[in-house]
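Chemist:
Residue numbers (the working numbering): 6 to 259.
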């Protein structure tokens with residue numbers, strides 16, 4: 006009798022725990038764990054939550070009866086923001102492993118880690134969750150949204166401008182922190198591109214108001230040069246994916 010009571014107590018304690026574990030597994034979302042983050046000045050960033058990006062790219066494997074699988078892997082994120090050297094560490098079966106390899110190979114560029122002013126390679130671990138019910142719902146939602154766009158006159162601006170870390174006020178502080186404030190009233194305008202890796206390139210002086218000396222213009226150029234070496238921007242977005250975008254920056258002196 007005592008053994009039966011003990012067994013009942015054990016099952017009573019363990020079954021809710023096991024049930025919670027099973028529910029957690031079914032509710033889990035695809036995610037990325039970044040490794041060795043202390044080594045980098047800037048960490049890897051994604052344009053949207055990773056599990057949404059993964060759902061956008063997944064095609065359900067043909068001819069498989071499984072409705073829920075999890076694949077675990079390790080990968081390198083290159084300085085260009087692409088997944089490379091993908092190594093499956095927890096198989097979900099041949100069809101799902103192959104789909105993970107395909108998706109990560111074709112994944113849109115992410116914002117790579119930076120070290121000492123340059124994009125650099127970094128390592129990560131990924132958990133990729135295949136849940137057929139969630140995948141089918143995502144597909145249906147996407148089709149419904151596209152149908153709405155096709156049937157109504159809706160203007161959607163596909164482009165979001167690049168963002169300076171900390172926002173517009175942080176950009177102003179950086180821009181004007183290196184001047185002696187004896188700059189003449191007027192403006193100095195530059196253009197440049199922000200790549201998908203967040204780096205400024207193709208910096209070009211456009212024009213300035215009259216009255217600026219060569220030394221004063223050199224001060225402005227020095228700020229642009231320092232910005233290109235120290236700051237990782239959040240790239241512009243086009244339809245939710247990072248894109249290289251040309252940007253214009255005016256220095257305004259009052």
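Note that CB positions come from ideal geometry on N, CA and C, so glycine has one too.
This structure is a prediction, so every number in the text was calculated from the model and none was measured.
Considering only the beta carbon of each residue, do residue 129 and residue 49 sit closer than 9 Å?
Modeler: Taking 9 Å as the Cβ cut-off, residue 129 and residue 49 qualify as a contacting pair.
Chemist: Once you ignore the five residues that flank residue 13 on each side, which residues in its own chain have a CB closer than 8 Å to its CB?
Modeler: Low confidence applies to residue 13: its pLDDT is 40, below 50, so where it sits in the model is not reliable enough to give any reading.
Chemist: Our contact map puts residue 257 next to residue 192 with C-beta atoms below 8 Å; I'd like the distance itself, whole angstroms only.
Modeler: Contact holds; Cβ gap of about 5 Å.
Chemist: Going by CA-CA distance only, name the one from 249, 87, 220 that's closest to residue 114.
Modeler: The candidate whose alpha carbon is nearest that of residue 114 is 87.
Chemist: CA-CA distance, residue 98 and residue 172?
Modeler: Looking at the two C-alpha atoms, the distance is approximately 45 Å.
Chemist: Which of helix, strand or coil does DSSP assign to residue 251?
Modeler: Residue 251: strand per DSSP, three-state reduction.
Chemist: For residue 101, which three-state DSSP category applies?
Modeler: If DSSP states are grouped into helix, strand and coil, residue 101 belongs with the helices.
Chemist: My parser needs the alpha helix (DSSP H) runs of 4 or more residues fully inside the stretch 162-205; what are they?
Modeler: For the stretch 162-205, whole alpha helix (DSSP H) runs of length 4 or above, ordered along the chain, are 173-181.
Chemist: Determine the DSSP secondary structure at residue 23, reduced to helix, strand or coil.
Modeler: Confidence at residue 23 is low in this model, with a pLDDT of 37, below 50, so its placement is unreliable and no value can be given for it.
Chemist: Consult DSSP for residue 28 and reduce its assignment to one of helix, strand or coil.
Modeler: Model confidence at residue 28 stands at a pLDDT of 35, short of 50, so the residue's coordinates are unreliable and nothing is read from them.
Chemist: From the DSSP output, in three-state form, read off residue 228 for me.
Modeler: The answer is helix: DSSP assigns residue 228 an H, G or I state.
Chemist: Taking only three categories from DSSP, how would you classify residue 144?
Modeler: If DSSP states are grouped into helix, strand and coil, residue 144 belongs with the helices.
Chemist: Determine the DSSP secondary structure at residue 126, reduced to helix, strand or coil.
Modeler: Residue state, collapsed to three classes: coil.
Chemist: With a threshold of 7 Å on Cβ separation, who are the neighbours of residue 16 within its own chain once the five nearest residues in sequence on each side are excluded?
Modeler: Low per-residue confidence applies at residue 16: pLDDT is 39, beneath 50, and the placement is therefore not dependable, though the value from the model is reported in the following sentence. Counting only Cβ-Cβ distances below 7 Å, and skipping sequence neighbours, we find nothing.
Chemist: Are the CB atoms of residue 224 and residue 179 within a distance shorter than 9 Å?
Modeler: For residue 179 and residue 224, no; Cβs fall outside 9 Å.
Chemist: Count the other CB atoms within 10 Å of the CB of residue 72; is the residue buried (16 or more) or exposed (fewer)?
Modeler: Exposed, since its Cβ has fewer than 16 Cβ neighbours within 10 Å.
Chemist: What residues in its chain sit with their C-beta under 8 Å from that of residue 209, if we drop five residues either side in the sequence?
Modeler: Excluding sequence neighbours, residue 209 sits near 195, 196, 197.
Chemist: Ordered along the chain, which non-local residues of its own chain (more than five positions away) have a Cβ less than 6 Å from that of residue 96?
Modeler: Result list for residue 96: 102, in chain order.
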